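*Asks:*
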Amino acid sequence: MSVLNTITRLWRFHGGLHVPEHKAESNSAAIEALPLPAQLVLPLQQHIGAAARACVRVGERVHKGDALARADGYISAALHAPTSGTVVAIEPRPVAHPSGIPVLSVVLESDGRDEWGPNSLPTPIEDYLRLDPAYLRERVREAGIVGLGGAAFPTAVKLNAEGAIRVLVLNAAECEPYITCDDRLMRERAHAVIGGLLLMRRALGVKDCIIGIEDNKPEAAAALQAALEQFADDAEDVLLQQIPTLYPSGSEQQLIRVLTGVEIGRSRRPVDSGILCQNVATAAAVHDAVTEGRPLISRVVTVTGSGISTPRNLEVLIGTPLSALIEYCGGYTPRAARLIIGGPMMGLALPGDDLPITKGMNCVLVAGADDVSAPEESMPCIRCGECMNACPANLLPQQMYWHARAREFDKAQQVNLFDCIECGCCAAVCPSHLPLVQYYRFAKTEIWAAEREKKKAEQARARHEFHLYRLEREEAEKAARLQAKKSAAQQRGHEAETPAADPKQAAIAAALARAQAKKAAAKAEATAGESSNELSPEQLEKLAAARARAEAKRLAATQTAGEAANDATAALSPEQLEKLAAARARAEAKKAASAPAQANADAAPALSPEQLEKLAAARARAEAKKAASAPAQANADAAPALSPEQLEKLAAARARAEAKKAASAPAQANADAAPALTPEQLEKLAAARARAEAKKAASAPAQANADAAPALSPEQIEKLTAARVRTEAKKAAQEALAAATAAVAALDADAQEEAPTASPAAEATPAPLTEEQLARLAAARARAEAKKAAQSGKPASSDQEQ
Amino acid sequence: MSTPSVREILSNGLWHNNTGLVALLGLCPLLATSSSAINGFGLGMATVLVLLLTNTTISAIRQYVQSEVRIPVYIVVIASAVTAVELLIHALLPELHKVLGIFIPLIVTNCCVLGRAEAFASKQRPAIAALDGLATGLGFTLVLTTLGGLRELIGHGTLFANANIMFGEAGRALTLHVLEDYRGFLLAILPPGAFIGLGLLIAGKNLLDARARQRGAAVPVVQATHCAPSALPTP
Amino acid sequence: MLSAVFALTLLALTFGLLLGFASVQFRVEGDPLADRLDAVLPQTQCGQCGFPGCRPYAEAMARGEADFNRCPPGGQAGIEALAAVLGVEPKPLDPENGVEQAAMIAIVDENVCIGCTLCLQACPVDAILGSAKHMHTVISQECTGCGLCVAPCPVDCITLQPVPATLATWKWPSPLISANAQQEPARAAA
Amino acid sequence: MQFATTTSPHVHLGNSVGRVMRRVVYALLPGLLALVWIFGPGVLVQAAIAVSTALAAEALMLTLRGKPLGRFLGDCSALVTALLLAIALPPLAPWWITVLGTGFAIIIAKHLYGGLGYNPFNPAMIGYVVLLTSFPREMSSWAAPLTLHGSTPDLATTLALVFGERSAETLDAVTSATVLDLLRTQIGLGHSVTEVRSSPVFGLLGARGWEWVNLAFLAGGLWMCRQRTAAWQIPAGMLGALAVISTLFWLVDAARFAPPWFHLFSGAAIFGAFFIATDPVSASTTPRGRLIYGAGIGVLTWVIRSVGGFPDGVAFAVLLMNIAAPTIDQYTRPRVFGARA
């Protein structure tokens with residue numbers, strides 16, 4: 001049996017107000033399309049939920065209907081280009097929000113052609129009422145449709161409640177004074193509205209629909225009735241219900257109450273009661289999205305009020321500046337006193353009209369001074385109870401006010417502050433002219449902030465506890481490592497005596513390392529489980545995995561150095577061997593620890609690129625510690641025998657070490673070396689260097705993350721890494737300059753000739769730095785270094801002023 | 001706890017930490033017996049006597065009392081002292097005893113007495129403790145007498161009526177008829193008058209203190225000693 | 001006389017037994033005080049109280065070894081909350097421990113950072129990301145703004161900045177404050 | 001162009017504290033006129049004294065508290081307090097009684113508690129009770145009504161009595177005890193209600209003359225409820241409870257207890273129900289709470305009249321229920337929209 005048969009009467013809700021309607025000003029003229037504006041500003045956050053993620057770049061040309069931003073997460077909505085043109089900026093821009101905080105927006109400069117792209121429109125669908133519901137929902141999601149009644153909740157999310165819904169309610173009440181955009185839309189495009197309703201009905205798998213329309217819109221009701229008749233059989237079980245005009249019957253909760261008698265409160269969502277409410281404009285947008293494939297790029301906006309010359313309804317592209325609407329409607333009249341987005345009861349007063357139209361804006365109200373209440377000074381509350389009589393949520397507004405005012409937020413919550421829908425009825429009738437709604441908003445945001453703070457404190461507590469645990473663990477690990485190193489050094493002593501080491505031994509060592517890594521991973525998992533019982537299972541799992549990976553890598557790294565050295569030495573030519581022996585003797589005389597690195601440098605020709613890279617890194621570290629005269633020599637000797645790529649990499653590694661070592665080096669070297677190199681050479685060297693750094697950087701943060709950031713989501717890590725790589729690259733480029741100098745100085749003429757041809761493939765070049773930038777960076781670096789030097793008590797280098 | 005100076009003790013007891021106006025202790029007798037200046041003065045003097053006795057005694061035995069049982073011990077001391085004082089008043093000033101009635105024995109429950117014992121006498125030498133008892137008691141008497149005088153004046157238009165119950169027949173001469181043919185303002189004599197009067201006295205004290213601070217005279221702000229958990233007396 | 005002594009002794013015995021019984025029977029097993037205090041502390045782990053973290057401070061307060069007005073990040077509201085837990089009168093923040101200020105966040109100047117990892121080690125909540133010789137960065141969601149990383153930095157590339165407001169964290173101002181602000185100049189003008 | 005930013009809602013339906021208070025004054029007018037007709041110009045004299053005292057006291061306190069004078073004097077709340085008190089006072093009471101009561105009401109009962117909107121007790125009733133407890137003699141000598149005496153004192157006599165020397169003879173000539181007073185003394189002497197009610201001071205319903213006054217107040221009060229200036233639940237609760245309890249006891253013992261119509265139409269029952277108890281600041285605010293609050297006043301009024309120490313109990317009943325109002329509100333919160341019952 002249809003639910004509709006049970007609807008034999010209308011219910012009423014407590015309170016409500018008869019507010020002067022002011023609908024006549026704007027509802028007589030047909031909707032007009034606003035001329036194409038020159039520039040559109042599209043904030044990425046125009047809806048409830050996560051902000052969309054821009055998928056275009058500055059300078060990119062887009063066609064009308066092309067996606068500018070994709071939904072980022074489940075509760076989010078895509079954004080499309082309202083017209084064709086060029087993206088000129090993606091930057092924070094002010095939006096219609098009481099805070100005035102700018103929001104990341106795509107700025108689109110129109111090319112005036114307004115042409116649809118070849119791929120921007122999906123195929124239109126004629127027989128849309130027989131489509132697969134899942135496909136329908138996908139189309140709605142793709143089109144970036146959000147609730148157009150003002151709340152701007154992503155429609156596709158609401159439509160996902162297939163099977164849970166018994167009744168679909170179409171909200172055609174439009175109860176706020178002044179607003180007539182839905183009224184006009186229903187009169188002019190009733191077919192689309194009903195079509196959209198039927199579409200959503202199909203997407204939800206619902207049979208029964210009720211259209212609730214206030215009885216002050218008889219023309220719209222008639223148009224809808226006519227459209228229903230056109231749909232004939234398809235529109236069965238759709239009930240068009242006129243309801244008494246009473247603010248706020250257009251609020252979802254109140255409309256559902258009036259139509260079905262069901263009370264939807266904070267504790268019970270509409271879906272829980274099997275009811276879903278959608279706005280008429282949303283229905284029309286859904287219809288357009290499915291039948292024409294047209295995404296949500298425009299909406300109908302009422303421009304009205306006694307402050308505007310010719311009030312009317314306009315079809316406006318999303319992103320159009322408000323000033324364009326005002327101008328089209330003849331500009332302000334001398335009476336204009338307040339600019340309000342939305343209706344007079346719940347709208348937001350704006351300081352100026354240089355803001356863009358967003359998806360949720362249904363009305364631009366320019367009110368005259370005598371139409372709106374002046375910011376009158378309020379009197380004390382006299383507890384008259386008018387607010388309570390007017391409250392549609394049956395709250396005690398005046399008690400909420402007392403508690404909010406006294407900052408007794410827990411008590412405010414006890415009197416059900418969060419059931420308040422901020423409709424403004426209480427403040428509109430308050431004899432003391434108290435800004436009641438602002439008190440509630442104030443209390444609500446304060447409570448939310450306190451909850452956030454509490455959450456953050458709990459998180460910090462957990463992280464601090466983990467930190468302490470980690471320190472403890474690291475201490476233990478360090479002790480273990482020290483032990484391992486000692487034994488390794490002993491082993492190496494043996495190896496030095498027998499240069500041609502047994503490859504089998506290396507294999508055993510590797511296996512040992514793997515086993516150790518595995519064990520460490522297992523341990524990490526276990527300890528992680530013990531230590532952080534406040535983390536969710538998924539987090540724990542991720543953390544453990546990450547930690548295991550890191551652990552393995554670290555162990556592997558310490559092991560590879562020795563291993564590689566062993567491999568390498570086996571394949572050396574006699575001369576090389578000789579040189580190596582000499583070098584090694586020198587090095588060993590100084591310090592045993594630096595040996596492998598040096599050996600690598602000499603042995604390079606036989607190494608695989610990965611090994612080389614790793615070795616270079618190891619080398620650089622060693623060099624930074626040690627006075628580098630010997631290896632440098634060795635390098636210089638070996639250089640001619642190296643392939644260009646190898647040379648490049650080595651030079652980079654070397655240079656880094658050098659640059660760090662001498663405090664004066666970067667600045668001085670720059671000055672000295674720059675004239676010797678051509679700009680192209682410099683650039684190429686820098687690029688090569690940057691690539692190497694970037695690669696390393698990419699791997700390093702991952703490792704660090706694993707230890708440090710158990711609570712990071714993959715996206716966060718990705719973002720951080722990206723940021724990191726960018727800066728690193730920048731720094732690397734600058735370092736490379738110094739490196740180049742050092743390398744050039746060290747190499748003979750042949751090497752110098754080779755250097756320019758050294759990097760055949762430089763696609764991943766980061767934004768090339770100008771020489772000026774480079775110089776500045778180098779200077780900054782030098783300053784930092786100098787500071788450090790000064791702090792550690794060394795005499796400041798004379799170059800630091802540079 | 002360092003030994004406070006005599007000056008400090010006096011200024012605390014009489015003004016800065018006044019039992020009636022600042023600590024708000026002993027409100028029950030304060031409100032109930034302050035219907036006339038003489039009644040107030042009478043009860044005030046009884047309290048002074050009790051405080052003197054108890055503070056001295058408790059200070060004298062402070063080394064011998066285990067801290068676990070100190071409260072019962074104090075109570076016993078106070079109860080004895082009060083009983084002695086009550087018997088004394090009954091014997092010497094039967095009229096006054098009749099007027100004050102139950103409020104003399106109720107001094108036992110006056111938080112101020114136990115409060116001084118716990119907060120002060122149990123930590124100081126007997127001489128200092130006696131001085132503190134005197135100062136505190138006099139401060140209490142001051143408030144009682146002032147409030148009583150205020151209420152009597154507004155309620156009956158007299159001052160120190162019935163002084164004979166305290167000072168014998170010679171006291172009759174003390175009685176002042178400030179306003180002849182005064183109809184009386186019953187409210188001042190009724191309990192609400194006591195509350196309103198006390199409120200005004202506290203307000204007046206705060207006003208004076210604020211003035212003093214404004215003048216720049218450094219009024220030493222003495223923190224209220226934590227005497228008793230509750231500001232209101234038990235009865 | 002004897003009967004009076006006897007009666008009093010009997011009474012004392014009875015009530016003593018009653019009290020003893022009550023103290024055993026109705027013992028309240030509350031949360032340990034330190035836990036409740038720790039729950040109120042802001043967990044910035046900044047050490048401005050003179051203890052290495054919030055937990056040690058909470059424990060010190062619970063033992064009665066530390067005063068409860070030594071937590072600048074908690075501010076006056078935090079002190080009041082602590083006072084409520086301890087059941088004492090609130091008092092103003094001890095200026096020796098610092099001053100109350102808006103929530104802060106550490107920012108690494110990425111052009112200056114030399115990757116020394118000193119801040120990494122100083123961070124009590126592991127909110128700094130980086131490895132040796134690589135530029136570090138602060139995970140803003142995790143940073144408590146304690147400022148412990150500022151001092152160790154050899155190149156002074158870490159600064160504390162107020163947490164930027166976003167649409168999600170923005171708070172409506174109290175109308176009381178805005179009304180007062182409006183009234184003040186009005187009165188001054190009058 | 002720059003616009004002012006205020007928070008929503010941006011429209012206001014025009015209600016104001018001043019308008020609420022002025023409506024109370026309008027609603028008082030019929031009753032006031034009836035009083036003048038029955039008791040002579042003394043009522044007007046008292047009203048004039050009370051209003052001027054109230055405004056002066058209000059201005060004084062506002063100045064002391066640093067509040068804007070114009071805004072708070074213009075809200076007419078002091079005017080309402082003064083009128084309510086003046087109506088409750090005997091028309092021929094000496095001037096200082098009125099000044100003292102009004103001053104007490106405004107300065108202590110209203111401003112010392114925080115001024116408009118913050119007073120836990122009804123200021124007018126505080127002033128009345130202070131006078132009643134302090135000056136019972138002055139407060140119990142009401143002018144004899146026109147219906148009984150045949151004439152009302154003229155303005156000159158009134159002014160002389162109010163401002164000048166009051167000799168016992170002149171006073172006795174123009175005053176009489178109120179019916180409630182008479183009833184309580186006579187019943188105390190052992191007479192039955194029927195015997196007492198045969199006295200000429202009694203009219204058909206309540207006291208002679210008073211009936212008309214009460215009907216006029218009823219009219220004004222009903223208008224006020226219709227205007228939603230006063231919550232209808234409070235008078236309904238109060239008069240309903242008074243009627244129910246008096247009926248019950250009257251049925252049990254008609255000789256000792258007066259009939260319900262007598263209780264409703266004598267003393268300050270109607271006046272109190274519509275004008276005193278409905279003072280929003282000190283009353284209960286929830287719908288059910290208002291009914292309970294009103295009923296409480298009704299029951300207490302009957303109890304004080306029938307077994308208490310004062311002839312009329314409306315003032316005390318109102319003050320007692322003022323204390324209970326926050327508690328009543330606490331337990332009578334309406335079910336929030338959408339909350340499970």
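Protein chains in written order, with the UniProt record's numbering: chain A, 1 to 802; chain B, 1 to 235; chain C, 1 to 190; chain D, 1 to 341. Where a beta carbon is used, it is the ideal one built from N, C-alpha and C, also for glycine. The model shown is predicted, which means the values in this text are computed figures rather than measured ones.
1. When the Cα atoms are used, what is the spatial distance from Thr158(B) to Phe257(D)?
2. Would you check if the distance between the CB atom of Val336(D) and the CB atom of Asp419(A) is smaller than 7 Å?
3. What did DSSP end up calling Val56(A) once you bin it into helix, strand or coil?
4. Can you check which of these residues, Ala129(B), Ser35(B), Leu10(B) and Val6(B), is closest to Gly149(B) by C-alpha distance?
5. Give the DSSP-derived three-state secondary structure of Pro397(A) in the structure shown.
6. With DSSP collapsed to three states, give me the class of Glu214(A).
7. Going straight from the alpha carbon of Ile292(D) to that of Ile234(D), what length do you get?
8. Can you look up Trp116(A) in the DSSP assignment and give me helix, strand or coil?
9. Bridge partners of Met45(B), per DSSP?
10. Specify the secondary structure class of Ala47(A) as computed by DSSP and reduced to three states.
11. Just mark Phe163(D) as buried or exposed, buried being the case when its beta carbon has 16 or more other beta carbons within 10 Å.
12. Pairing CB atoms from the segment 159-179 of chain C with CB atoms from the segment 324-331 of chain A, are three or more of them under 8 Å?
13. If you follow the beta strand (DSSP E) that Val103(A) is part of, which residue opens it and which one closes it?
14. Short of 6 Å in beta carbon distance, which residues of its chain neighbour Ile308(A), apart from the five on each side in sequence? Order them along the chain.
15. If I follow the unbroken alpha helix (DSSP H) through Leu296(A), where does it start and stop?
16. Ends of the beta strand (DSSP E) at Ile357(A)?
17. Where in the segment 177-238 of chain D do unbroken runs of the alpha helix (DSSP H), each at least 4 residues long, occur, reported from the N-terminal end onward?
18. Name the one or two DSSP bridge partners that Trp402(A) has.
19. Does DSSP put Trp11(A) in a helix, a strand or coil?
20. Which chain D residues are close to Gln398(A), counting only those with a beta carbon under 9 Å from its beta carbon?
21. Going by alpha carbons, who is nearest to Ile323(D) out of Thr81(D), Ala144(D), Val307(D) and Ala277(D)?
22. Which whole-angstrom value is the C-beta distance of Leu79(D) and Met21(D), which I expect to be below 8 Å?
23. Between Pro52(C) and chain A, is the shortest Cβ-Cβ distance under 7 Å, so that the two count as touching?
24. If the cut-off is 7 Å on Cβ atoms, which residues from the UniProt domain "4Fe-4S ferredoxin-type" (135-163) of chain C count as contacting chain A, listed in chain order?
25. Would you kindly report the start and end of the unbroken alpha helix (DSSP H) that includes Gln214(B)?
26. Could you tell me the alpha carbon to alpha carbon distance between Ala226(A) and Lys207(A), rounded to whole angstroms?
27. Hey, Thr56(B) and Gly133(B) are a contact pair by Cβ (cut 8 Å); roughly how many whole angstroms apart?
28. Give every residue of the same chain whose Cβ lies closer than 7 Å to the Cβ of Ile165(B), excluding the five residues on either side of it in the sequence, and list them in chain order.
29. Evaluate Ala12(C) with the Cβ neighbour count: other Cβ atoms within 10 Å of its Cβ, from every protein chain shown; 16 or more gives buried, anything less gives exposed.
30. Along the chain, where does the alpha helix (DSSP H) containing Cys387(A) start, and where does it finish?
31. Let me confirm a value: Lys217(A) is counted as buried when at least 16 other C-beta atoms fall within 10 Å, else exposed. Which label applies?
32. Using a 10 Å radius around the Cβ and a threshold of 16 neighbouring Cβ atoms, would you call Arg26(D) buried or exposed?
*Replies:* In short:
1. In the second sequence, the residue the question calls residue 158(B) occupies position 158. In the fourth sequence, the residue the question calls residue 257(D) occupies position 257. Each residue's alpha carbon lies about 43 Å from the other.
2. Here residue 336(D) corresponds to residue number 336 of the fourth sequence, with the count starting at 1. Here residue 419(A) corresponds to residue number 419 of the first sequence, with the count starting at 1. Against a cut-off of 7 Å, the Cβ pair of Asp419(A) and Val336(D) comes out as a contact.
3. Locating residue 56(A) in the first sequence gives position 56, counting from the first residue. In the structure shown, Val56(A) sits in coil (DSSP, three-state: anything other than H, G, I, E or B).
4. Taking the first residue of the second sequence as position 1, residue 149(B) is located at position 149. Among Ala129(B), Ser35(B), Leu10(B) and Val6(B), the Cα nearest to that of Gly149(B) is on Ser35(B).
5. Counting from 1 along the first sequence, the entry for residue 397(A) is found at position 397. Looking at Pro397(A) - three-state DSSP - the assignment turns out to be helix.
6. Residue 214(A) sits at position 214 when you count from the first residue of the first sequence. Looking at Glu214(A) - three-state DSSP - the assignment turns out to be strand.
7. Residue numbering aside, residue 292(D) sits at position 292 when the fourth sequence is read from its first letter. Residue numbering aside, residue 234(D) sits at position 234 when the fourth sequence is read from its first letter. Taking the straight line from one Cα to the other gives about 8 Å.
8. Counting from one through the first sequence, the residue named residue 116(A) turns up at place 116. Reduced to three states, the DSSP call for Trp116(A) is strand.
9. Within the second sequence, numbered from 1, the residue matching residue 45(B) stands at position 45. According to DSSP, which records beta bridges pairwise, Met45(B) is partnered with nothing at all.
10. Locating residue 47(A) in the first sequence gives position 47, counting from the first residue. A quick correction: the sequence has His, not Ala, at residue 47(A). Correct three-state label for His47(A): coil.
11. As a working note, residue 163(D) is residue 163 in the fourth sequence. With fewer than 16 other Cβ atoms within 10 Å, it is exposed.
12. no
13. Counted from its first residue, the first sequence places residue 103(A) at position 103. First-last of the beta strand (DSSP E) with Val103(A): Val103 to Ser110.
14. The count along the first sequence starts at 1 and reaches residue 308(A) at position 308. Cys329 and Val366, listed in sequence order.
15. Reading the first sequence from its first residue, position 296 is the one you call residue 296(A). From DSSP, Leu296(A) is part of no alpha helix (DSSP H); its letter is neither H nor E.
16. Numbered from 1 along the first sequence, position 357 holds the residue referred to as residue 357(A). No beta strand (DSSP E) holds Ile357(A); DSSP gives it neither H nor E.
17. 179-188, 193-197 and 210-226
18. On the first sequence, residue 402(A) is found 402 positions in, with the first residue counted as 1. Answer is none; Trp402(A) lacks a bridge partner.
19. Here residue 11(A) refers to the residue found at position 11 of the first sequence. Coil.
20. On the first sequence, position 398 is the one that residue 398(A) refers to. The answer, in chain order, is Thr285.
21. Position 323 of the fourth sequence, counting from 1, holds the residue named residue 323(D). When only C-alpha atoms are compared, the closest one is Ala277(D).
22. As a first step, residue 79(D) is located in the fourth sequence; it is residue number 79 there, counting from the start. As a first step, residue 21(D) is located in the fourth sequence; it is residue number 21 there, counting from the start. Right, their Cβ atoms sit about 7 Å apart.
23. Reading the third sequence from its first residue, position 52 is the one you call residue 52(C). No, Pro52(C) lies away from the interface with chain A (no Cβ there is under 7 Å from its Cβ).
24. Met135, Thr137, Ile139, Glu142, Thr144, Pro154 and Val155
25. Position 214 of the second sequence, counting from 1, holds the residue named residue 214(B). Looking at the DSSP string, the run of the alpha helix (DSSP H) that includes Gln214(B) is Pro191 to Gln214.
26. If you number the first sequence from 1, residue 226(A) lands on position 226. If you number the first sequence from 1, residue 207(A) lands on position 207. Distance between the alpha carbons of Ala226(A) and Lys207(A) is about 20 Å.
27. Residue mapping note: residue 56(B) aligns to position 56 of the second sequence, counting from 1. Residue mapping note: residue 133(B) aligns to position 133 of the second sequence, counting from 1. Going by Cβ atoms, the distance from Thr56(B) to Gly133(B) rounds to 7 Å, so yes, they are a contact pair.
28. Stepping through the second sequence from its first residue, residue 165(B) is reached at position 165. Contacts found: Ile38, Leu93, Glu95, Leu96 and Val99.
29. In the third sequence, the residue the question calls residue 12(C) occupies position 12. Exposed is the call here.
30. On the first sequence, residue 387(A) is found 387 positions in, with the first residue counted as 1. Its alpha helix (DSSP H) spans residues Glu386 to Ala390.
31. By 1-based counting over the first sequence, the position of residue 217(A) is 217. With 16 or more other Cβ atoms within 10 Å, it is buried.
32. Taking the fourth sequence and counting its residues from 1, one reaches residue 26(D) at position 26. The question names Arg, yet the displayed sequence has Tyr at residue 26(D). Per the 10 Å Cβ criterion, exposed.
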